[in-house]
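Visitor:
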Amino acid sequence: MIELPPYPRRASNAAVRDADPLAYRLAASGVGTLALGVLLLVGWALVQFEVVRAAWLDTLAGLVAVVLLWAGVLGLALGAALVAYPAGVRRELALHRFARSVGLSYARFGAPLEMGGVFFAERAPGADPSYGSAFELYRPPFDDAPLRLGVATFEGGRDAARGPRHAFRFLALRLPRPMPHIMIDSLRNGRLRAELPGAQRVSLEGEMDRHFAVYAPLGYARDALQVLTPDVLVCLLEHGRNWDVEVVDDLLLVASTRFRRGRDATEVPALLRFATLLGAEVRTQIVPYTDPRAVFPRTQVAAAGRRLRRRSVWCDIAILLGLVIGVPAAILGGVLLVAR
19 MIELPPYPRR ASNAAVRDAD PLAYRLAASG VGTLALGVLL LVGWALVQFE
69 VVRAAWLDTL AGLVAVVLLW AGVLGLALGA ALVAYPAGVR RELALHRFAR
119 SVGLSYARFG APLEMGGVFF AERAPGADPS YGSAFELYRP PFDDAPLRLG
169 VATFEGGRDA ARGPRHAFRF LALRLPRPMP HIMIDSLRNG RLRAELPGAQ
219 RVSLEGEMDR HFAVYAPLGY ARDALQVLTP DVLVCLLEHG RNWDVEVVDD
269 LLLVASTRFR RGRDATEVPA LLRFATLLGA EVRTQIVPYT DPRAVFPRTQ
319 VAAAGRRLRR RSVWCDIAIL LGLVIGVPAA ILGGVLLVAR
């Protein structure tokens, strides 16, 4: 087991005040904003259910109710954010201190997440990244960090490429060379089979198939097994069975659904420890890897192996139509058969 410094304890009120003198003033104003939001919602209820009756409300009751409702909801949301502000400062202090203790740097907002694949989605050429990074630990340089650990949140518009999760904690580790696209889906945190066709699934046999679903491009199953040696699988089983792992281009990505503030003290050290263990095992297999289908086998991956094929939307529509039409038809057929 790799030993890391203990995660910092909860920062004191004085430390929060030193880091941001306005933190508790904002929290106090948040309490007032919450109270105002509650009063506005009470006013909305009085108008909506006609508890308060006045002649001038006869023509404006609908408009007044809408204004009171949205103003009250906005007040509650803004007030809650302001009240939670000191907790956000505490989170930053802890992450910054822990990063310093393990020789990493910390940034409230990380560099753009320009990687592709399943987690971060494949955006159109020239489009901005769909996900932003926050609360990030990284190994310099900032713009091309060989190790990044932060919280990714979807920030794209309605038409932007979207991954399977709106927000998640991620670990990104730079690899010595580009590799075929491999997806290792942990069956503990919800399956990604809705994203990937089953034809690309690679069987690991034995106990591993009960914990992970592995996907590789068609024709690259043997390449995936060359990387996922018994030592790598043991590392996954013992230390990473709660996380999804993706190898895409020259990156090893780990995604965790535990991204909230309360999980920092356990998830951040665990992911760093996992990065050290899995990174060492995977690098051992990657260094000698060659792709004979590529023009330059030692440094490239052929086009067929660079990306997993995603499940088509039309396939989902066909399945839905089949259920909508097929189930009633089967029931009707059964009724007619019984009627004979």
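Numbering-wise (this note's numbering), the sequence shown opens with residue 19 and increments by one. Don't be surprised by glycine CBs; every beta carbon is placed ideally from N, CA and C.
Compare the Cα-Cα distances from Val107 to each of Gly150, Asp36, Ala46 and report the closest residue.
Guide: Along the sequence shown, read from residue 1 onward, the residue named residue 107 stands at position 89. With distances taken between Cα atoms, Val107 lies closest to Asp36.
Visitor: Out of Val136, Gly128, Gly181, which one is the CA nearest neighbour of Pro158?
Guide: Looking up residue 158 in the sequence shown gives position 140. Comparing Cα-Cα distances from Pro158 to each of Val136, Gly128, Gly181, the minimum goes to Gly128.
Visitor: Taking a contact to mean a Cβ-Cβ separation below 7 Å, would you say Val263 touches His199 in this structure?
Guide: Stepping through the sequence shown from its first residue, residue 263 is reached at position 245. Stepping through the sequence shown from its first residue, residue 199 is reached at position 181. No, the pair does not count as a contact, with Cβ atoms beyond the cut-off.
Visitor: Looking only at DSSP bridge pairs, what is Ala320 linked to?
Guide: Position 302 of the sequence shown, counting from 1, holds the residue named residue 320. Ala320 is not bridged to any residue.
Visitor: Return the Cβ separation of Phe137 and Leu254 in integer angstroms, given the expectation that the two are a contact with Cβ distance under 8 Å.
Guide: Looking up residue 137 in the sequence shown gives position 119. Looking up residue 254 in the sequence shown gives position 236. At roughly 17 Å, the Cβ-Cβ gap does not stay under 8 Å, so Phe137 and Leu254 are not in contact.
Visitor: Need the endpoints of the beta strand (DSSP E) that Asp268 sits in, please.
Guide: Reading the sequence shown from its first residue, position 250 is the one you call residue 268. Segment 262–274, the beta strand (DSSP E) holding Asp268.
Visitor: Where do the N-terminal and C-terminal ends of the alpha helix (DSSP H) with Pro194 fall, by residue?
Guide: Indexing the sequence shown from 1 puts residue 194 at position 176. Run containing Pro194: none in the alpha helix (DSSP H); it sits in the beta strand (DSSP E), 185–204.
Visitor: Beta-carbon of Gln66 versus every beta-carbon of chain B: anything under 7 Å?
Guide: Of the protein chains in the structure, only one exists, and it is not chain B.
Visitor: In chain order, which beta strand (DSSP E) runs of at least 3 residues are fully inside the stretch 127–184?
Guide: 149–157, 165–172
Visitor: To the nearest angstrom, how far is it from the Cα of Arg27 to the Cα of Thr284?
Guide: Within the sequence shown, the letter at position 9 stands for residue 27. Within the sequence shown, the letter at position 266 stands for residue 284. If you take the alpha carbons of Arg27 and Thr284, they lie about 12 Å apart.
Visitor: Can you give me the C-alpha to C-alpha distance between Val34 and Arg109, rounded to a whole angstrom?
Guide: Locating residue 34 in the sequence shown gives position 16, counting from the first residue. Locating residue 109 in the sequence shown gives position 91, counting from the first residue. Cα-Cα distance, rounded: 10 Å.
Visitor: Please classify Leu92 as buried or exposed, where buried requires at least 16 other C-beta atoms within 10 Å of its C-beta.
Guide: Taking the sequence shown and counting its residues from 1, the one referred to as residue 92 is at position 74. Label assigned to Leu92: exposed.
Visitor: Buried or exposed: which applies to Ile202, given that a residue is buried once 16 or more other Cβ atoms fall within 10 Å of its Cβ?
Guide: The sequence position of residue 202 within the sequence shown is 184, counting from 1. By the neighbour-count criterion, in which a residue is buried when 16 or more other Cβ atoms sit within 10 angstroms of its Cβ, Ile202 is buried.
Visitor: Smallest Cα separation from Val56: which of Leu96, Pro315, Leu326?
Guide: Along the sequence shown, read from residue 1 onward, the residue named residue 56 stands at position 38. For Val56, the closest alpha carbon among the candidates Leu96, Pro315, Leu326 is that of Leu96.
Visitor: Tell me the DSSP bridge mates of Arg311?
Guide: For the purposes of this step, residue 311 is taken as the residue at position 293 of the sequence shown. DSSP, once it has assigned bridges, lists no residue as partnering Arg311.
Visitor: State the Cα-Cα distance for the pair Ala112 and His257, rounded to the nearest angstrom.
Guide: Here residue 112 refers to the residue found at position 94 of the sequence shown. Here residue 257 refers to the residue found at position 239 of the sequence shown. So the two alpha carbons sit approximately 24 Å from each other.
Visitor: Can you tell which of Gln218, Ala117, Thr171, Val120 has the C-alpha that lies nearest to the C-alpha of Pro130?
Guide: Within the sequence shown, residue 130 is the residue found at index 112, counting from 1. Among Gln218, Ala117, Thr171, Val120, the Cα nearest to that of Pro130 belongs to Thr171.
Visitor: Kindly indicate which residue of Gly224, Gly150, Leu193, Pro235 has the alpha-carbon position closest to the one of Gln218.
Guide: Taking the first residue of the sequence shown as 1, we reach residue 218 at position 200. Closest by alpha carbon: Pro235.
Visitor: What would DSSP say about Ala29, mapped onto helix, strand or coil?
Guide: For the purposes of this step, residue 29 is identified with residue 11 of the sequence shown, where counting begins at 1. Of the three classes helix, strand and coil, the one that applies to Ala29 here is coil, per DSSP.
Visitor: May I ask you to report which of helix, strand or coil DSSP gives Tyr359?
Guide: This structure cannot speak to residue 359, because the chain is shown only from 19 to 358.
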